[in-house]
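Down below is the structure, laid out as structure tokens.
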Amino acid sequence: AQINDIRVERVEIHLHSDLQTSRRELVDRRRALSAQSHVQQATVSRLSAQLVLLDTAAAQTLSEIAVDAAWGKTDAAEWQRQIGSVAELEARTRAELLEAKHAHAQTTRELTRLRERMAATANPTHRLRANLELSLQTETAGLHQIEIEYVVPNACWRPQHRATLSDDEVWFESEACLWQNSGEDWPDVQLRLSTQRPSLGASPPELETDQLEVRRRADQVRVETRQQVVQTTGLGQDSSSAAPEMPGINDGGEVQEILAPSRTSVASDGRPHRTTLFEFRAPARSSLVCTPELSASVLRKTEQENLAARPLLAGPVDLIRGGGLIGRTTLLYVAPRERFALGWGPDPALRVHRQLDESEEESKLLSSWYRTERSVTNKLSNLGGSAKTLELVERVPVSEIDKVKIEVERESSDKNGMVRWTVTLDPFGQDTVKLRYVVSRHSDVSGDF
Numbered sequence: 001a002q003i004n005d006i007r008v009e010r011v012e013i014h015l016h017s018d019l020q021t022s023r024r025e026l027v028d029r030r031r032a033l034s035a036q037s038h039v040q041q042a043t044v045s046r047l048s049a050q051l052v053l054l055d056t057a058a059a060q061t062l063s064e065i066a067v068d069a070a071w072g073k074t075d076a077a078e079w080q081r082q083i084g085s086v087a088e089l090e091a092r093t094r095a096e097l098l099e100a101k102h103a104h105a106q107t108t109r110e111l112t113r114l115r116e117r118m119a120a121t122a123n124p125t126h127r128l129r130a131n132l133e134l135s136l137q138t139e140t141a142g143l144h145q146i147e148i149e150y151v152v153p154n155a156c157w158r159p160q161h162r163a164t165l166s167d168d169e170v171w172f173e174s175e176a177c178l179w180q181n182s183g184e185d186w187p188d189v190q191l192r193l194s195t196q197r198p199s200l201g202a203s204p205p206e207l208e209t210d211q212l213e214v215r216r217r218a219d220q221v222r223v224e225t226r227q228q229v230v231q232t233t234g235l236g237q238d239s240s241s242a243a244p245e246m247p248g249i250n251d252g253g254e255v256q257e258i259l260a261p262s263r264t265s266v267a268s269d270g271r272p273h274r275t276t277l278f279e280f281r282a283p284a285r286s287s288l289v290c291t292p293e294l295s296a297s298v299l300r301k302t303e304q305e306n307l308a309a310r311p312l313l314a315g316p317v318d319l320i321r322g323g324g325l326i327g328r329t330t331l332l333y334v335a336p337r338e339r340f341a342l343g344w345g346p347d348p349a350l351r352v353h354r355q356l357d358e359s360e361e362e363s364k365l366l367s368s369w370y371r372t373e374r375s376v377t378n379k380l381s382n383l384g385g386s387a388k389t390l391e392l393v394e395r396v397p398v399s400e401i402d403k404v405k406i407e408v409e410r411e412s413s414d415k416n417g418m419v420r421w422t423v424t425l426d427p428f429g430q431d432t433v434k435l436r437y438v439v440s441r442h443s444d445v446s447g448d449f
């Protein structure tokens, strides 16, 4: 058999008068709530104005009582009746105003939830119906199976993960979150997910001429401090200094095509649908880590290995511990057999307080060097009944020129300026860790560092 001709006929169908029943009900409900909200707002305004008038009347009554008392006209019963009448009416008005504000706030919240629901279930106001016509030539009559592939708009997917910590093991699940509002439902389909980026409209950057010129050497060297993220191929990756994000999914530069293990149904409603791609269990090494410069807390961290046959794609990770969701973090690209870290929130029994002291810049007599001493004091406390061992991490600046020197007292830092201590806190114990370092600069160096 041979296909001689393929023709597609597209017809645009408008749906302004053919909204779904549930959609029409939501629209009617929104109109009713909007009208109710306007009435309640008017009631609140009316009662507020009435309360202002009552306050004015009460002040006027007290003023008249004062005048009568000055002229010797004392009538305590009449005064009590007047003040009691105004006070009773004012109390009743305040109660009605409070009830009206509460009802209006409740209607506003319900209207907000309804609008969010309508936005999540919104469908296009028109659809495109396509009729596909094939011309098939065959020598013998019979049944033939033809597979047709086509592309639809308004459909995308992103990876999402779920990590569950139990004792010294992490159960990691990788999922795909799909959205599609293409106008057609996908019942019981086999999903094939790709990380290939669209190349339509992409063009290489234009090359421009670089202008080079000679200038006189400056009398002073201008330096500045910059925040540099330590780049590694595994643990410690961070996206803040990475290349600008490209459209699509971070797949490490290699296109991934993932076949979902089970069939699923995806409705054309624009709402997220999740399906599991793969999962694995890995032993985890748990530790307590404290970086006071970034966060005044001690975090629980686990390190585990990607034991799946596929890489872990960049995406959000739901953290589950003790049978419940404790938070969410993000994960960058992790290759197979590569170790990666997850943070599981702060330890509630540990406290940390960080204090930074800096001395004024000074210079010795007949010296061309200026010195600034900095001191970092970290006070750690254990409020729990069991001993805790943690790793404390501080950092010192790293100089890239000879005319700026960093000297660390009594401690040693690595090539990235990281200083680490292992601290053990007894039950209900405390400890203090101090770090001192000196920043020296030559007289012909200027800048804020």
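Numbering (this note's numbering), first residue to last: 1 to 449.
For each residue, glycine too, the CB sits at the ideal point set by N, CA and C.
Just so we're clear, the structure is a prediction, and the values are computed from it rather than from any experiment.
Taking the alpha-carbon of residue i as reference, which of the options has the nearest alpha-carbon?
i	options	result
Asp431	Ala59, Gln196, Glu257, Lys388	Lys388
Ile83	His144, Ser287, Thr56, Asp402	Thr56
Gln228	Gln304, Glu400, Asp269	Glu400
Glu257	Arg281, Pro159, Leu134, Leu332	Pro159
Gln190	Thr138, Pro261, Asn154	Pro261
Gly447	Ala267, Lys403, Ser381	Lys403
Glu173	Val408, Asp318, Ser363, Lys434	Asp318
Glu474	Ala77, Leu54, Glu116, Asp75	Outside the displayed range of the chain (1 to 449) lies residue 474, so it cannot be described from this structure.
Arg192	Arg216, Glu184, Glu149	Glu149
Thr291	Lys301, Ala282, Arg337	Lys301
Arg197	Leu178, Glu254, Ala141, Arg217	Glu254
Val445	Leu365, Thr422, Val223	Val223
Asn4	Ala59, Lys73, Ser135, Arg339	Ser135
Ser367	Ala105, His104, Ser443, Leu26	Ser443
Val460	Ala141, Glu169, Arg129, Ala163	Outside the displayed span of the chain (1 to 449) sits residue 460, for which this structure offers no information.
Thr107	Arg217, Ala59, Ser34	Ser34
Asn294	Arg328, His353, Glu303	The amino acid occupying residue 294 in the given sequence is Leu; Asn does not appear at that position. Of Arg328, His353, Glu303, the residue nearest in Cα terms is His353.
Val334	Pro348, Ala314, Gly327	Ala314
Asp167	Asp210, Ser287, Thr61, His273	Ser287
Glu373	Leu350, Glu169, Pro397	Pro397
Arg514	Pro427, Glu358, Glu407, Arg115	Look at the range of the chain in this structure, 1 to 449, and you will see that residue 514 is not part of it.
Thr264	Gly327, Asp210, Asp188	Asp188
Glu169	Leu207, His102, Ile320, Ala218	Ile320
Leu383	Val298, Asp185, Glu96, Asp210	Val298
Cα separation between residue i and residue j?
i	j	result
Leu47	Ala91	12 angstroms
Lys415	Arg395	11 angstroms
Leu143	Pro316	48 angstroms
His38	Ser203	53 angstroms
Arg271	Arg285	37 angstroms
Ala341	Ala308	16 angstroms
Ser440	Thr225	14 angstroms
Val289	Arg420	10 angstroms
Arg436	Gly385	32 angstroms
Ser239	Leu312	No answer about Ser239 holds up, because its pLDDT of 41 lies below 50 and its placement is not dependable.
Asn250	Thr275	19 angstroms
Phe278	Glu175	7 angstroms
Ile65	Leu51	21 angstroms
Arg117	Glu110	11 angstroms
Cys156	Leu178	6 angstroms
Val8	Ser268	22 angstroms
Lys73	Val86	21 angstroms
Thr93	His104	16 angstroms
Asp68	Arg31	56 angstroms
Glu78	Gln60	15 angstroms
Ala42	Gln36	10 angstroms
Going by DSSP, what residue range makes up the beta strand (DSSP E) through residue i?
i	result
Thr264	264 to 266
Phe172	169 to 180
Asp479	Outside the displayed span of the chain (1 to 449) sits residue 479, for which this structure offers no information.
Gln160	155 to 166
Ile401	Careful: Ile401 lies outside any beta strand (DSSP E) and carries neither H nor E.
Ser375	369 to 382
Gly315	315 to 321
Ala282	273 to 283
Lys434	430 to 442
Arg529	The first residue shown for the chain is 1 and the last is 449, placing residue 529 beyond what the model contains.
Asp188	186 to 189
Ser194	192 to 194
Ile326	324 to 331
Thr389	388 to 395
Ala341	339 to 346
Val352	350 to 358
Leu259	257 to 259
If I'm right that residue i touches residue j with Cβ under 8 angstroms, what's the distance once you round it to whole angstroms?
i	j	result
Asn154	Ser194	In fact, because the Cβ distance is near 17 angstroms, the residues do not count as touching under 8 angstroms.
Arg337	Asn306	6 angstroms
Ala1	Gln137	7 angstroms
Would you say residue i faces chain B, with C-beta separation under 8 angstroms as the test?
i	result
Ile83	Reference to chain B is not applicable here, since this structure consists of a single protein chain.
In chain order, which continuous runs of the beta strand (DSSP E) of length 3 or greater are located wholly inside the region 67 to 145?
126 to 137
Ignoring anything shorter than 4 residues, give me the alpha helix (DSSP H) runs that lie fully in the region 205 to 233, in order along the chain.
none
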